[in-house]
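First the structure, in the form of structure tokens, and then the observations on it.
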Amino acid sequence: MIFNKDSWKEIFDTIKKNKLRTFLSGFTVALGILIFIILFGLGNGLQSSFSMFFTDDQVNTIRVYPSTTTIPYRGYESKRQIKFTNDDVKKIKENFKGKIEDIVIRNTFYTQFSYKQQANGYQVRAVSPGHKEAEKTIIMKGRYLHEGDILNKTKHIVIGRLVEEDLFQKENALGKYIHENGNSWRVVGVFQDEGGDREERNLYVPYTTEQRMTNNDEVDQMIVVYDKNMSYEQSLTLEKELDAYIKNLKIISPKDNRGIYISNTGEEQENSRQFASVLQIIISFIGIGTLVAGVIGISNIMVFVVKERTKEIGIRKAIGASPRSIIAMILQESIFITMISGYTGLVVAILILNSIGDSLMDKYFISSPYIETSNAIWATIILIFFGALAGYLPARKAAKIKPIIALRDK
Amino acid sequence: MIDIEGLNKSYPIGNSSLHVLKGIDLKINEGELVAIMGSSGSGKSTLLNIIGMLDNYDSGSYKLDNVPIKDLDETKAAKYRNKFLGFVFQSFNLINYKTALENIALPLYYQGIPRNERQKVAQEYLKKVGLADWAEHLPSELSGGQKQRIAIARALASQPKVLLADEPTGALDSTTSEEVMDLIKQINNEGKTILVVTHEQDIANMCKRIITLKDGIIMTDMKTK
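Chains as they are written, first to last, in my numbering: chain A, 1 to 410; chain B, 1001 to 1225.
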């Protein structure tokens, strides 16, 4: 029956001559698929934006900042400003040997730089070479600071892409000198950073040079880089051990929540991972909801279609149509319409998604929305299946009605 | 052709039931043109529906061309209807989105006859009812008399043994009624067995035999002239 050319001809005939009915059921299916794919695609885009934001910095780091104490301890009064020194860094490195790979030093100051006629204020980070990895700095030209710079306390400087643009206009900054408070720094490298414009207006100098200029051995911030293979739980344990060790080292009460600040980027990563999975659940929920709404829509249309055709079914039965041929007719018609319109909705939705691209990135944080082909096809199959089922139930009922009852129907 | 003995049929109404046909005995031979008369509620339409396998009966027997017709499932009833019977209804019951020609060809579709042949046969019957020029018209573009003639052509197309007409002129004016009855008579003269249900005496008078029903019983059964 299904592959009978004549029965298809009969169905095409019916479809052609009942355009409104065909349009209604087809439109419902196409719209259902369209909305599903677009919502799902936008959700996916939102998710990829978030994962992009959270992968700017290296994840296996614990950042430690000095602060002021709030509890008097071992003869020290509260409100004592804690300061780290090179010595502290060395001690921590030795104590946690094997667990941590590096402790990156970062001191920050703000100053005015000039080159020829151009001058501007920038944030300068006086760092150790490991900072490149911790911040995921990408060198565009030249090089980053290396151990030689640290040992020799050189006046070498690595500048951000936008600093080069600001100060050097169209000149190449490499090898040139920029000036600050009577000091001249030689540009050895230019970098870019995925963290955005603000990151690209930074400058990097050796921390040893900065310490010699300010005549101290203080450290503002330590970035502890731990073993990449450590699990999230292990990194939390390490964080606690570090906290205890440093508090003991700097004579801070173990009960003092201040004194030092410790933050684990692994933790941030974990949080954003959880956020992403919540987002995924919401997206799936929206998707399933749209599909259910689509299925209900098709069911309604199919019930209406069969109801409208009750009399026709009665006539067909009176002149010799078997119940099976009636069901087959309605099913073939509904499957045909849902397949064509489902496919149309699918194609249109994917075209729309592709045309959106990154245009919603700035306002809505949605980047390149997409849908996995398998998801899109499954959704279409589900709609077609339920469309057929929704047609089958009333069709079976109608095929069972005695022709006289159907014919009485006006 | 039609052999009915002791036919009973009742419809349940709430807790009680309405006894519509109370033991009908009826024999109709091939080539007869029979009118079944009676006022509304006499059971004439029920009898026609049972003969037309559109409805079941409770007790008795019914043979059509020596085939016992009892408790058919829908598939079998559909097959028998298609093979044995042609229907003409008061309200024409044409499929409104199909042209005159397509309506006539439809029973042949359910007989599994190829399209080209269907078209040819349908053309033939369209000519027979005098509407050869109206093949591509939709029912909504036809007059009542034309619609009924299309319905008759459709009923004949499958070459049934019996033509059943339920108030075929009920929705037509008297001139048109006469034309339709003339057509029915002409078909009868060609040898087709025809049953006409009507409540109009002058329509009945145009048939060869009149059976009058009252309260589910055959009151009179006589030949005209």
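Glycine included, C-beta positions come from ideal geometry on N, C-alpha and C.
Proximity to residue i [Cα-Cα], best of the options
i                   : options                                           : result
Thr-1075 of chain B : A:Ile-401, A:Leu-407 and A:Ile-405                : A:Ile-401
Gly-35 of chain A   : A:Met-339, A:Arg-106, A:Thr-373 and A:Ala-349     : It is Ile, not Gly, that sits at residue 35 of chain A in the sequence shown. It is A:Ala-349.
Ile-11 of chain A   : A:Asn-375, A:Ile-405, A:Ser-367 and A:Glu-333     : A:Glu-333
Asn-216 of chain A  : A:His-179, A:Asp-166 and A:Asp-87                 : A:Asp-87
Asn-1008 of chain B : B:Ser-1039, B:Phe-1087, B:Leu-1047 and B:Gly-1086 : B:Leu-1047
Thr-380 of chain A  : A:Gly-391, A:Ser-341 and A:Lys-397                : A:Ser-341
Phe-27 of chain A   : A:Ile-301, A:Pro-323 and A:Arg-309                : A:Ile-301
Pro-129 of chain A  : A:Lys-97, A:His-156, A:Glu-94 and A:Gly-196       : A:His-156
Ile-150 of chain A  : A:Gln-192, A:Gln-169, A:Glu-210 and A:Ile-384     : A:Glu-210
Leu-1106 of chain B : A:Arg-396, A:Lys-90, A:Asn-44 and A:Ile-315       : A:Ile-315
Ala-1171 of chain B : B:Ile-1203, B:Val-1162 and B:Gln-1186             : B:Ile-1203
Glu-372 of chain A  : A:Leu-24, A:Phe-109, A:Ile-15 and A:Ile-37        : A:Ile-37
Arg-21 of chain A   : A:Ile-330, A:Tyr-76 and A:Leu-291                 : A:Ile-330
Tyr-1057 of chain B : B:Asp-1065, B:Lys-1044, B:Asp-1071 and B:Val-1067 : B:Asp-1071
Ile-1069 of chain B : B:Asp-1003, B:Val-1020 and B:Gln-1201             : B:Asp-1003
Per-residue DSSP class, three states only, for residue i
i                   : result
Phe-96 of chain A   : coil
Phe-365 of chain A  : coil
Ala-379 of chain A  : helix
Val-163 of chain A  : helix
Gly-342 of chain A  : helix
Asn-18 of chain A   : coil
Ile-1095 of chain B : coil
Arg-1149 of chain B : helix
Thr-1176 of chain B : helix
Ile-298 of chain A  : helix
Pro-1139 of chain B : helix
Gly-189 of chain A  : strand
Arg-80 of chain A   : coil
Arg-207 of chain A  : Residue identity differs from the one stated: residue 207 of chain A is Tyr in this sequence, not Arg. DSSP places Tyr-207 of chain A in helix when its eight states are reduced to three.
Gly-75 of chain A   : coil
Leu-331 of chain A  : helix
Val-1121 of chain B : helix
Assigned exposure category for residue i - 16 Cβ within 10 Å defines buried
i                   : result
Met-140 of chain A  : exposed
Ala-244 of chain A  : exposed
Ser-359 of chain A  : exposed
Lys-132 of chain A  : buried
Thr-437 of chain A  : No answer is possible for residue 437 of chain A: it lies beyond the span of chain A, which begins at 1 and ends at 410.
Met-1 of chain A    : The predicted position of Met-1 of chain A is uncertain, since its pLDDT is 46 and thus under 50; a value taken from the coordinates is nonetheless stated next. Exposed, since its Cβ has fewer than 16 Cβ neighbours within 10 Å.
Thr-1175 of chain B : exposed
Gly-294 of chain A  : buried
Gly-182 of chain A  : exposed
Ile-405 of chain A  : exposed
Gln-1148 of chain B : buried
Thr-61 of chain A   : buried
Tyr-144 of chain A  : buried
Gly-289 of chain A  : exposed
Phe-1092 of chain B : buried
Lys-410 of chain A  : Summary for Lys-410 of chain A: the model assigns pLDDT 49, below 50, so the residue's position carries little reliability, and this model does not support an answer.
Phe-285 of chain A  : exposed
Met-1222 of chain B : exposed
Arg-212 of chain A  : exposed
Gln-169 of chain A  : exposed
Residue i: contacting residues in chain B (beta-carbon distance under 7 Å)
i                  : result
Pro-403 of chain A : Leu-1054
Leu-331 of chain A : Simply none; closest approach about 17 Å.
Chain-ordered neighbours of residue i on chain A, where CB pairs are closer than 9 Å
i                   : result
Ser-1158 of chain B : Ile-319 and Gly-320
Ala-1189 of chain B : In the sequence on display, residue 1189 of chain B carries Asn and not Ala. Per Cβ cutoff of 9 Å: no residues; Asn-1189 of chain B is ~24 Å from chain A at best.
Tyr-1062 of chain B : Correct list: empty, because the minimum Cβ distance to chain A is about 16 Å.
Arg-1154 of chain B : Ile-319
Tyr-1110 of chain B : Arg-316, Ile-319, Gly-320, Ala-321, Ser-322 and Ser-325
Residues that residue i contacts on chain B, provided the C-beta gap is smaller than 8 Å
i                  : result
Lys-400 of chain A : Glu-1074
Interface residues of chain A facing residue i [CB-CB closer than 8 Å]
i                   : result
Leu-1106 of chain B : Arg-316 and Ile-319
Tyr-1229 of chain B : Absent from the model: residue 1229 of chain B. The displayed extent of chain B is 1001 to 1225, so no value can be given.
Asn-1049 of chain B : Ile-404
Arg-1115 of chain B : Asp-6 and Lys-9
Partners in chain B for residue i, counting only beta-carbon separations shorter than 9 Å
i                  : result
Leu-393 of chain A : Simply none; closest approach about 17 Å.
Contact set between residue i and chain A, taken where Cβ atoms lie within less than 7 Å
i                   : result
Ile-1265 of chain B : Not covered by the structure: residue 1265 of chain B. The range shown for chain B is 1001 to 1225.
Mind listing which residues of the stretch 311 to 326 of chain A have their C-beta closer than 8 Å to chain B's C-betas, in chain order? Residues passing the 8 Å Cβ filter: Lys-311, Glu-312, Gly-314, Ile-315, Arg-316, Lys-317, Ala-318, Ile-319, Gly-320, Ala-321, Ser-322, Pro-323, Arg-324 and Ser-325.
What are the residues in the stretch 1068 to 1084 of chain B lying within 8 Å of chain A by C-beta distance? Answer in chain order: Glu-1074, Thr-1075, Ala-1078, Lys-1079, Arg-1081, Asn-1082 and Lys-1083.
Please list, in chain order, the residues of the stretch 1 to 21 of chain A that have any C-beta partner in chain B closer than 8 Å. Look at the stretch 1 to 21 of chain A: the residues with a C-beta under 8 Å from a C-beta of chain B are Asp-6, Lys-9, Glu-10, Asp-13, Thr-14, Lys-17 and Asn-18.
Taking a Cβ distance cut-off of 9 Å, strictly less, list which residues of the stretch 1187 to 1215 of chain B are near chain A, in chain order. The residues in question: there are none.
Members of the stretch 333 to 358 of chain A that neighbour chain B once the beta carbon cut-off is set at 8 Å: Within the stretch 333 to 358 of chain A, no residue has its Cβ closer than 8 Å to any Cβ of chain B.
Under 8 Å (Cβ pairs) to chain B, residues found in the stretch 24 to 46 of chain A: Going along the stretch 24 to 46 of chain A in chain order, one finds no residue with a Cβ nearer than 8 Å to chain B.
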